[in-house]
Amino acid sequence: MCLGVPGEVLSVDKNSTPPIARVKIGGVVKETLLAVDEEVVPGDFVIVHAGVVISKVSKEEFEELVRLLETVSGLGGKMEL
Numbered sequence: 010m011c012l013g014v015p016g017e018v019l020s021v022d023k024n025s026t027p028p029i030a031r032v033k034i035g036g037v038v039k040e041t042l043l044a045v046d047e048e049v050v051p052g053d054f055v056i057v058h059a060g061v062v063i064s065k066v067s068k069e070e071f072e073e074l075v076r077l078l079e080t081v082s083g084l085g086g087k088m089e090l
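Heads up, the sequence shown is in this note's numbering, so the first residue is 10 and it goes up one at a time.
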């Protein structure tokens with residue numbers, strides 16, 4: 010089973026093919042491919058699966074997903090955003 014993880018978009022390069030977004034996931038910045046139809050801009054929150062942005066989420070959804078991941082991973086609220 011694979012898991013999509015929440016992240017915050019830091020930058021977007023729409024001139025590259027395919028478009029690339031730099032996303033901060035758990036304190037680590039990753040380059041990801043954009044595979045969503047809706048516009049994604051810096052400051053947006055997204056779900057990343059296998060290096061691909063698969064959906065955009067609200068800040069509230071992002072925060073809830075981070076809390077859930079902290080709970081199931083046993084980090085006890087210490088995941089760096």
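We put the CB at the ideal spot given by N, CA and C, even for glycine.
Predicted, not measured: the structure shown is a model, and the values here were computed from it.
Spatial neighbours of residue i within its chain, please: CB distance less than 7 Å, with the 5 preceding and 5 following residues excluded, ordered by chain position.
i	result
lysine 68	Phe54
proline 51	Val18, Leu19, Ser20 and Val21
Nearest-angstrom Cα distance between residue i and residue j?
i	j	result
valine 18	leucine 42	12 Å
isoleucine 34	threonine 26	23 Å
valine 49	valine 37	19 Å
cysteine 11	valine 62	14 Å
glycine 24	valine 81	According to the sequence provided, residue 24 is asparagine. The question's glycine does not apply to it. So the alpha carbons of these two residues sit roughly 38 Å apart.
glutamate 47	serine 64	9 Å
lysine 39	glutamate 79	20 Å
glutamate 73	alanine 44	23 Å
leucine 77	glycine 83	10 Å
Does the beta-carbon distance from residue i to residue j come in below 8 Å?
i	j	result
valine 32	valine 66	no
With a threshold of 6 Å on Cβ separation, who are the neighbours of residue i within its own chain once the five nearest residues in sequence on each side are excluded?
i	result
isoleucine 29	Asp22 and Glu40
phenylalanine 71	Pro15 and Phe54
glycine 60	Thr41
Report yes if the C-beta of residue i is less than 7 Å from at least one heavy atom of the ligand GTP; otherwise report no.
i	result
lysine 68	As presented, the structure is devoid of all ligands, the ligand GTP included, so that no description of it is given.
Leaving out five residues before and five after residue i in sequence, what residues of the same chain have Cβ atoms less than 8 Å from its Cβ?
i	result
glycine 13	Ile56, Val57, His58, Ile63 and Ser64
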